[in-house]
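There are 4 protein chains.
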Amino acid sequence: MSFNTFGHLFRFTTWGESHGPAIGATVDGCPPGIVLSEADIQPWLDRRRPGQNRMMTQRQEADAVRILSGVFEGRTTGTPIQLLIENTDQRSKDYGEIAHAFRPGHADIAYHLKYGLRDHRGGGRSSARETASRVAAGGVARQVLAALAPEVRITGYMVRMGEQEIDRNRFDPDEIARNDFWCPDAETAVQWADTLDFLRTKDHNSVGAVIEVVASGVPAGLGAPLYSKLDSDLAAAMMSINAVKGVEIGEGMAAATLTGRDNADEIVGVRDGQPVFATNHAGGILGGISTGQDIVVRFAVKPTSSILSPRRSIREDGSAIDLVTKGRHDPCVGIRAVPVGEAMMALVLADHLLLDRGQTGGRRGQIG
Amino acid sequence: MSFNTFGHLFRFTTWGESHGPAIGATVDGCPPGIVLSEADIQPWLDRRRPGQNRMMTQRQEADAVRILSGVFEGRTTGTPIQLLIENTDQRSKDYGEIAHAFRPGHADIAYHLKYGLRDHRGGGRSSARETASRVAAGGVARQVLAALAPEVRITGYMVRMGEQEIDRNRFDPDEIARNDFWCPDAETAVQWADTLDFLRTKDHNSVGAVIEVVASGVPAGLGAPLYSKLDSDLAAAMMSINAVKGVEIGEGMAAATLTGRDNADEIVGVRDGQPVFATNHAGGILGGISTGQDIVVRFAVKPTSSILSPRRSIREDGSAIDLVTKGRHDPCVGIRAVPVGEAMMALVLADHLLLDRGQTGGRRGQIG
Amino acid sequence: MSFNTFGHLFRFTTWGESHGPAIGATVDGCPPGIVLSEADIQPWLDRRRPGQNRMMTQRQEADAVRILSGVFEGRTTGTPIQLLIENTDQRSKDYGEIAHAFRPGHADIAYHLKYGLRDHRGGGRSSARETASRVAAGGVARQVLAALAPEVRITGYMVRMGEQEIDRNRFDPDEIARNDFWCPDAETAVQWADTLDFLRTKDHNSVGAVIEVVASGVPAGLGAPLYSKLDSDLAAAMMSINAVKGVEIGEGMAAATLTGRDNADEIVGVRDGQPVFATNHAGGILGGISTGQDIVVRFAVKPTSSILSPRRSIREDGSAIDLVTKGRHDPCVGIRAVPVGEAMMALVLADHLLLDRGQTGGRRGQIG
Amino acid sequence: MSFNTFGHLFRFTTWGESHGPAIGATVDGCPPGIVLSEADIQPWLDRRRPGQNRMMTQRQEADAVRILSGVFEGRTTGTPIQLLIENTDQRSKDYGEIAHAFRPGHADIAYHLKYGLRDHRGGGRSSARETASRVAAGGVARQVLAALAPEVRITGYMVRMGEQEIDRNRFDPDEIARNDFWCPDAETAVQWADTLDFLRTKDHNSVGAVIEVVASGVPAGLGAPLYSKLDSDLAAAMMSINAVKGVEIGEGMAAATLTGRDNADEIVGVRDGQPVFATNHAGGILGGISTGQDIVVRFAVKPTSSILSPRRSIREDGSAIDLVTKGRHDPCVGIRAVPVGEAMMALVLADHLLLDRGQTGGRRGQIG
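Residue numbers (the working numbering), protein chains in the order written: chain A, 11 to 378; chain B, 11 to 378; chain C, 11 to 378; chain D, 11 to 378.
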């Protein structure tokens, strides 16, 4: 958690800009002997890849990952794993107009103020392109989970786009992969398609979204109070994703509206030495430590700031400009944030599995 | 951000349990030459102190802080500052009943599952008593801010208790210190008092809250993308506070409901080389870096899990119990979270001031 | 390894100055369930305690350690352990003369140049008094080792004082605790006593020393290449002790004089799945990883800079002074560095045990 | 300082194996606006490059570095800098014999015991080839130093090969670059050539060396007591280099032989507000903080363990073998450690410059 590195023991460092020759991630602290090849990582990248349907930026990137180190004869060696993804479709010419002006609501001006210079091509380091590196690193984390905690399942999906929320009564996990929105509610997905087509083609606008990521099968005991709490690390992880403005665990902000009697997740029994809870308001985490229930995280993604509608702004020289952002931008960047949120969940869980194993040996307190 | 340490350069480590002899914090990396004495820290602790009115736990703690190191002749020396607060009113007998049973919604069971044993007295390490250490450390951070960024002002207040939200049209900053809730809206404060009296005395219940913390006068350029983003660190900081389940920056979760056109904080001019924005949907942070606008953070605190109403639970031996938690608990722990949220804001800002100064020298990019 | 914190997973932070009210250490990341009380730590502090014989400073300190947190009913809880040692015999008046002048060879001037101010009383933070905190933390590390790697034995002793080295043919481990020098060679101990009496009482001088610390029974596989190598961490650990100017592993500097044929530790068999080596030039570490052989570390302690002989120096105002340091100083501070070196060895090993367990699960590669 | 990352604020992470497709380093936390191109780094790599004369391994590597990120229009952007070096001359067939046997004195067996598997090709991650990544990262550090502390000069050279030491009376800095040994004493260089030719061609042997690295022009005040002391970090840095077994600062191990009177670096005046010392026994560091004097570090490199003379060892199956290591190995790996030691010095200094600037703002205490 310093500069471009995330994690305690299972750590990754991402590098690269939107329009440089390549981007990538260095995964360090990976356990040895884990089965790993490009084929284990590529499918996750393919899910995040731009240009797959009309709901996304039309930038075309193969996003082919190469493992440059840390794997020998199909297994991790315990040494750093370098994951490299070449940038192949940069088209820098698209961005000429914003080279010296700042998109309102975009990191442009913040980078300029901090660093005194910035790689304006495609947003440089602040581009959502960086999230491909996270997804690649997340692919390694998933292999670690598969080896050390094979019960873990991570599922991300969109629950809100703008004013339109899913109906949880129509929640169908099988639907998630069937539409362009990772939406578990088929009816809502149809509405979202209409809305987004309008925003994209008519209104020259964009829209925000809420993503939910659930991890089931997570063993109890993950999380290191007080400043490496599992929820604290998840909050940092999700808030580090481009355009995220809010993070919730379990009931999230709505916990404020509940009373203690309603919010209590009653414990109604014991199964295999683990507690059985009646409800999961807590989102699987108490006191910063996993309880064995589903880990439930939500995060809000703001609408893309790069839109075709003019917005008032300034140039680097301070002169005023009505800025229209051309180029190929996601009208709802939240869609592609779904695999990114899943990746961050996998990365945090893998890290906490190792951290807990280091401190406690992975032994669990007994009940009964 | 490892175990019980928070921060990159300006770091603090808290230690201590609710019913041990003392709690405290070690502040490390503090700049030298900062004016500091107990008198600079004590007022912040006094604001958080329990037992001040009927809305809080009736535990009586002097919360007198002692500086054991790192200060010489009234100034910091650049060496670690040990802040110690003795526990004086523990009354361990109150907690006998829950020594071997788990309060639903409380960290009890999570600590048991992870560590195999726990200090059950008053919640041990998971007690909100730990937040006194944060507030003390925050007092040091405030002195650092006063010296290095004297324009910074940090203001926390409660904006929601249960179903009742403040009316922003009645927002009066001077009102905040006048009522028992740190509420900026006098009318709402009266309603909250009624509600809480009912919950506390009649309903044997508790309730959640939303706290907002605003930092004004923060220089642009703080935040280290991508995994030490200012918002990412703030999210981790606030989520690490006991009972917090959601964190928002600026529009927060509501950003999902906006379009790009509405969410764009248009830049309408330049003043003293810094941009002037028309709005602040972003909450003062773009791309993880402060822009010079107010930093706006909100977090939700769940209702206290320790209530007098019986809830179903189990004992360590697995047997069922209908648990009633006696003892002295806050019916709305969110109230006392206000000074804690302010302290975390101060700590994150002081840390990022030093981190930025280390990397960039604190120079800012020019506009105009 | 940042400011005043050492360690990766098993971490400790020391705080406190020579003449403040107290010093101490916060040990974080300790496994839960480890047997621990003051009685487990005090004996190690007693070995380092000043004023025990005429070879040491005559400062009298009880060095009584108190555990303020992290232990419940005689066992560690997995939460931070605060160890506090009160300063009882400060006598600040002794140091009046050097309040505004710099002892040659002492940290005085370096602290002044860096921080612009310093706690001159007894050397403040740069005093060897800080090492009591390390020894206390080392006591916790030893309990961790006793639980997780009970075969480990750590033995420190002095092998050189000034020009006089021990004769390894007379090495007797039982002799170490019998003389005032932790010297394993009884004859040399007698010579050292004569030399030090002369330096102390007649020559008003001091002298350097070399300490050797050996850890046997250390499992193979500890060490995290490349920048948390076991030898790299040991080098940092020992070099962080006051007055240390050199660190060696195995052959150390003498490795430069050997040929590859002579330096090769031939592997001559396998016992219980572990290699058997003919020699141990490597000091138990290859490629930064322990091999199961004895870990052998040596470090050189320079002579105390605080002596009664006048040395040329300057005052803070730049004026010249012939400085004589009165007060109570060790004529050979190396003697009391023996238990400190042992403590640092214990702390590094405990940390690497947990770090390795986190990454690899503590499983070992098989031979045969 | 965790796994494969070194540094506090100016941090680098190396990755890659001897016979993988590439190796590299990610440099993070670099100040923005620093002039940087491949041409600034390549010369340092060329100095370390193998195959340049008969005293080195005959492996031929172009060691051409590519900057993949973090630089825009010739200046650093403050974002991570990825440095990639392709491996072009691996010849894996050379290593077939040691695929399943362990070279005595080599990391082979330690990696096997820790990780349960290893990339045996050319030593994999434990190969000295990794040091090219350090040298590349060191090139970036040098640019940072050039910008922030332009007085700094770093000079490394060999002072001992086996039993033969240089004569300091013949020390000529201009000679260092003229011979194959980075030897500042022309006569000794001739003797070393004879010795090494014998060892290499007749004796099938190798030999150790001592390297000295001096940094002049370093500002006072660098170093963060107590566990990020400048000497402690330098010790960790040098000990992390392959085959290093000892590290000395200033007098080093010889400090043990001195008396306090002789070891005192008397302060004899003030120049430009900085102290003037009569001698530099301390090697430029007191209390872990630089004093403005030359920083003097020495380290011992053991003889290469890969030699053509047979040594007793075992195979992975435990069977005995008389092992002869063919392939292309440095007969005195110390020679190529000279630019590596310089790089580590540059990296530590750049890091501590930023760390100090973060904490203190880079202001210095006044004298006079």
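The beta carbon of each residue, even a glycine, is placed where N, CA and C say it ideally should be. These numbers come from a predicted model, not from an experiment.
Residue i classed as buried or exposed, judged by whether at least 16 other C-beta atoms fall within 10 angstroms
i	result
Glu197/C	exposed
Gln376/A	exposed
Arg374/D	buried
Gln129/D	In the sequence as displayed, the identity of residue 129/D is Asp instead of Gln. Buried, because 16 or more other Cβ atoms sit within 10 Å of the Cβ of Asp129/D.
Val391/B	The structure shown does not extend to residue 391/B, since chain B is modelled only from 11 to 378, so the question has no answer here.
Pro160/A	exposed
Asn179/B	exposed
Arg308/B	buried
Ala219/D	buried
Lys212/D	exposed
Val254/D	buried
Residue i, DSSP secondary structure in three states
i	result
Thr23/D	strand
Ala74/C	coil
Glu175/A	strand
Val334/D	coil
Ile51/B	helix
Thr36/D	strand
Thr89/C	coil
Lys239/C	coil
Lys255/B	strand
Gln68/B	coil
Within 8 Å, strictly: CB atoms of residue i and residue j
i	j	result
Leu93/C	Ala146/C	yes
Asp184/A	Asn63/A	no
Glu261/B	His291/B	yes
Phe13/A	Gly39/D	yes
Pro341/A	Arg210/A	yes
Gly368/B	Arg85/D	no
Gln112/A	Leu357/A	The residue asked about is misnamed: residue 112/A is Phe in this sequence, not Gln. No; because the gap between Cβ atoms is not below 8 Å, this pair is not in contact.
Gly88/A	Thr370/C	yes
Under 7 Å from the C-beta of residue i: neighbouring residues of chain B
i	result
Phe16/A	Tyr237
Contact set between residue i and chain D, taken where Cβ atoms lie within less than 8 Å
i	result
Ala230/C	Ala120, Leu123 and Lys124
Thr301/C	Ile119, Ala120 and Leu123
Where residue i meets chain B, residues with beta-carbon distance less than 8 Å
i	result
Gln92/C	Trp25, Gly26, Ala32 and Gly34
Beta-carbon neighbours of residue i, restricted to chain D and to distances below 9 Å
i	result
Glu222/C	In chain order: nothing, as chain D lies at least about 11 Å away.
Gly84/B	The contacting residues do not exist; Gly84/B stays about 17 Å from chain D at best.
Gly61/A	Those do not exist, as Gly61/A stays about 23 Å from chain D at its closest Cβ, beyond 9 Å.
Beta-carbon neighbours of residue i, restricted to chain C and to distances below 9 Å
i	result
Glu261/D	Gly218, Lys255, Gly256, Ala310 and Lys312
Chain C residues whose Cβ lies nearer than 8 Å to that of residue i
i	result
Pro41/A	Gln369, Thr370 and Gly371
Chain A contact residues for residue i, given Cβ-Cβ distances below 8 Å
i	result
His116/B	Leu296 and Gly297
Contact list for residue i against chain D, beta-carbon separation under 7 Å
i	result
Leu364/B	Gly368 and Gln369
Three or more C-beta pairs under 8 Å: does that hold for the segment 303–318 of chain D against the segment 253–266 of chain C? yes
Below 8 Å, how does it come out for the segment 111–119 of chain C and the segment 75–83 of chain B: are there three or more Cβ pairs, yes or no? no
Okay, do the segment 230–248 of chain A and the segment 165–173 of chain A touch, 3+ Cβ pairs below 8 Å being the bar? no
Touching by the beta-carbon criterion (3+ pairs, under 8 Å), the segment 345–360 of chain B and the segment 330–346 of chain A: no
Under 8 Å: do the segment 271–279 of chain C and the segment 50–67 of chain D share three or more Cβ pairs, one atom per stretch? no
Examine the Cβ distances between the segment 137–146 of chain D and the segment 322–336 of chain D and report whether three or more of them are shorter than 8 Å. no
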